[in-house]
Amino acid sequence: MKMYKSLSFALLFLVAFVSAQTSANRFFYELTYKPKQKVDSLQKAVAILDITDKKSIYKDYLTVSQDSLIKIEVDKMMKAGMFKDISKSFQQPKFAFKIIKEYPNMKLTFSERMLNSVFGYTEEPKFNWQITNDKQKIGDYEAQKATTEFGGRKWTAWFTEAIPFPDGPYKFSGLPGLIVKIEDADKNYSWTLTANKKLKEFEEFSYSEKLQAQFGGSNDVNIISRDKFESSFETYKKDPLASIRGQIPQDRMNMKMPGSDKTVGEMLKEQEKTLKDYYSASDNTIELPKTK
């Protein structure tokens, strides 16, 4: 009986281990964009599209590329038992949202963290693609041209059937091959595929996301309507710490952070300024606001 139990446990462990292993194809896109509506200067970012057999995940590459460095700094801080503001030691992602598309129906979830919680909405955008006979080599791939209108902008995409995923960066999908380049007519946003690699052991959540969940946050997405999401997000950007400011007693606000000369209140003020500066740095959204 003991041998049977041991064998059963071993089999369960093996099944759990094997089922936990997920592979993915990671596609890297160089994103060139204009962050401010009335300023012509352009900025660049790297975005990734991770494609598994069940879904794809699009996000800013900075959300995962700094994981190992963040882990080192957090481990040092935990061992020393002293608080250290490590946020200034790393680059903030230019785009904090995440988009997950379910296969095969391509229903997507757009989500973004608001302090310790993640909110999002679902939708099934329909792209009226007009595929032309124009062809062009984009990087290493022979690509074909298609056009559509989406989010108040006119888009030109180049896709390749050599990569048989009907997917692409941001919310774009529905072509008979992966989108290797797409940009709007006024070149506010332009994505170009630059590289790809196979991930044998893929994890959906980055170390920083897991860390936030460990210390009182959550990675579960609270699904609300898109209108409510957008209005809530606008309110959050104006006062990102409103939900916690009134919950901290004044005597605790005056307490020093462990190993730091800063008080809790001073740290919160710095964090508030950082968040407000972050959100005010861009007002030229990928999808234009709907006129009422």
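Taking the numbering used here, I'd label the letters of the sequence shown as residues -11 to 280.
The beta carbon of each residue, even a glycine, is placed where N, CA and C say it ideally should be.
The shortest C-alpha to C-alpha distance from Ile36 to any of Lys42, Lys257 and Leu181 is the one to Leu181.
A direct Cα-Cα distance of roughly 42 Å separates Arg14 from Thr251. The shortest C-alpha to C-alpha distance from Thr120 to any of Phe16, Lys244 and Thr135 is the one to Thr135.
Secondary structure of Ala33 (DSSP, three-state): strand. Relative to the Cα of Gly139, the nearest Cα in the group Tyr129, Lys125 and Asn116 belongs to Asn116. DSSP assignment within the stretch 80 to 167 yields no whole alpha helix (DSSP H) run of 4 residues or more.
Annotation: the continuous beta strand (DSSP E) that includes Tyr17 extends over Ala12 to Tyr21. Its chain contains Gln79 and Pro81 as the residues whose beta carbon lies nearer than 6 Å to that of Leu50, once the 5 sequence neighbours on both sides are disregarded; these appear in chain order. Ranked by Cα distance from Pro277, the options Asp227, Gln54 and Glu218 are led by Glu218. Here Val27 carries a coil assignment [DSSP, helix/strand/coil].
Rounded to the nearest whole angstrom, the CA to CA distance from Gln238 to Lys24 is 38 Å.
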